[in-house]
Amino acid sequence: MALVIAGERSGVGKTTVTLALLSSLSRRAKRVQSFKVGPDYIDPMFHQWVTGHPCRNLDPVLTSETYVQECFTRHIQGVDYALVEGVMGLFDGASGRDDFASTAHMARLLQLPVLLVVDCSSLSRSVAAIAHGYRSFDPRITIAGVVLNRVGSDRHWELLQDALAPLELPILGVLRRNEAIAIPDRHLGLVPTAELTHLDRLIDRLAHIGDSCFDWERLFPLLSPPLVKQPHLTPGSPLPTRIAIARDRAFSFYYQDNLDIWQQLGAELVPWSPLTDAGLPEGVQGLYFGGGFPEVFAEPLAENTEARAALHRAIVGGMPTYAECGGLMYLCQNITDFEGQSWPMVGILPTTAVMDRHLTLGYRQATAGQDSLLLSAGAKVWGHEFHRSQLTAMPKQPLWEIKGYHPKGESKTVSEGWQLYQLHASYIHLHWGGHPELAAKFLQRCHDQAPNKQLTTNNK
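The opening position of the sequence shown corresponds to residue 11 in my numbering, with each subsequent residue numbered one higher.
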């Protein structure tokens, strides 16, 4: 079976433990497959850096329980070991009122045991109460053992070991306090892998910890994935389409499943860089901008006037374009950074993205307010927001009416998103696993769209 790495709460070091395990496993095995619970983009980048294989997101809100099971089954075929990194605390769900979309939910859904990471930096005997509580809280969850993180000394380790002994719960890892393995972070979480110059050195340290700090004799049987029948995929009729995808340090937030689904539908995804490329790749029929950190790279994005001009011509000329979050920000008139300096961007959207310290975060149910590249008016989808910018103006006819995730439907509705020319631009991140028909609809529009055809809009 595979193994779920869970924290007793956020910030206990489950990502560090996961990367230490993955680093050690990747040096022992040909193929290690990782998964990440929830909508996160950055942790999967670290997984992929370590294993050499794309990490897969498991998110039943953005997709469905059935898709989560199919995705997991599909990607454990032929692998040596499989590991799932959880989200937040073990039982923390999307609403906060139940455990739907939690790590525990995924463990039950996939029938996997859990390795519980406990931050011991301010604990001694109380560690037993925590471990006992987590093991007994939901009898449907199997706690295979614990990892004791941030252990301060040999004496501290002895106290923890004595406290846990009566529970007969295996201690499968012990990590000492170690600032040398800290991963830098900033306003949206960890700094992405492409920006870290000494990442290989950090991974080497984590691999050493992985080799020396875990009980591998007990872990190996838990990490071998089961043999299961792979689900049959029906991607539909191929639509040969050439799509330019912005991929560089400024734009890096992409679900690998989204890219795979488009490729299964016949798309050729051509990476290019708004930071360094002078223009668009030749012969493209559509544009895809994921999220990322355009605010961090606002100056070089602004300085690349050739790319901005080429994009403006293409979008005004009617090229179908899909832009999420950071992509939306780049298509604005300007980005104003945290210091208050404003940088010119592509200038398609008549608004400015202004950075502030307020974090907008959470699942969103989005209802289409009008027909668009992806949806007919009135259609509903689930997406996710995660940003620290706000727009200075909104369109007269917003793309979406959105409300937050709430089990009883009690949530304020707000307007969001832009549609003009053949552009869909929104802060909402979507996962095509839950909506493959949307991916197909966008590709069909790209495939059918006559080149250089200029369209009118009522949102300008």
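Note that the Cβ used here is the ideal one computed from N, Cα and C, for glycine as well. As the structure is a computational prediction, the values presented were derived from the model and not from experiment.
- With contacts defined by Cβ atoms closer than 8 angstroms, residue 74 and residue 393 do not form a contacting pair.
- Looking at 266, 316, 294, 265, the one whose alpha-carbon comes closest to that of residue 284 is 316.
- For residue 41, the closest C-alpha among the options 93, 360, 30 is that of 93.
- Residue 423 counts as exposed, since fewer than 16 other beta carbons sit within 10 angstroms of its beta carbon.
- Contact annotation: residue 373 and residue 127 have beta-carbon atoms that are not nearer than 8 angstroms.
- Within the same chain, and ignoring the five residues on either side of residue 287 in sequence, the residues whose Cβ sits closer than 7 angstroms to its Cβ are 317.
- Under the Cβ criterion (8 angstroms, minimum of three pairs), the region 21-33 counts as touching the region 202-219.
- In the three-state scheme derived from DSSP, where H, G and I count as helix and E and B as strand, residue 309 is classed as helix.
- Selection 349, 131, 391 evaluated against residue 21 yields 131 as nearest (Cα-Cα).
- DSSP places residue 18 outside both helix and strand once states are collapsed to three, so it counts as coil.
- Around the beta carbon of residue 102, 16 or more other beta carbons lie within 10 angstroms, which makes this residue buried.
- For residue 339, the enclosing alpha helix (DSSP H) starts and ends at 336-340.
- The bridge partners DSSP lists for residue 298 are 255, 332.
- In this structure, 266 is the residue among 266, 293, 332 with its C-alpha nearest to the C-alpha of residue 81.
- A check of alpha carbon separations from residue 453 across 279, 38, 229, 303 identifies 279 as the nearest.
- For the 8 angstroms CB-CB criterion, residue 109 and residue 441 do not form a contact.
- Relative to residue 52, the option among 303, 343, 391 whose CA is nearest is 303.
- In summary, residue 362 is buried, with 16 or more beta-carbon neighbours lying within 10 Å of its beta-carbon over all protein chains present.
- Around the C-beta of residue 432, 16 or more other C-beta atoms lie within 10 Å, and the residue is accordingly described as buried.
- Taking a contact to require three or more Cβ pairs closer than 8 angstroms, the region 167-174 and the region 45-64 do not qualify as touching.
- Inclusion of residue 174 and residue 141 in the CB contact set at 8 angstroms is warranted, their separation being smaller than that value.
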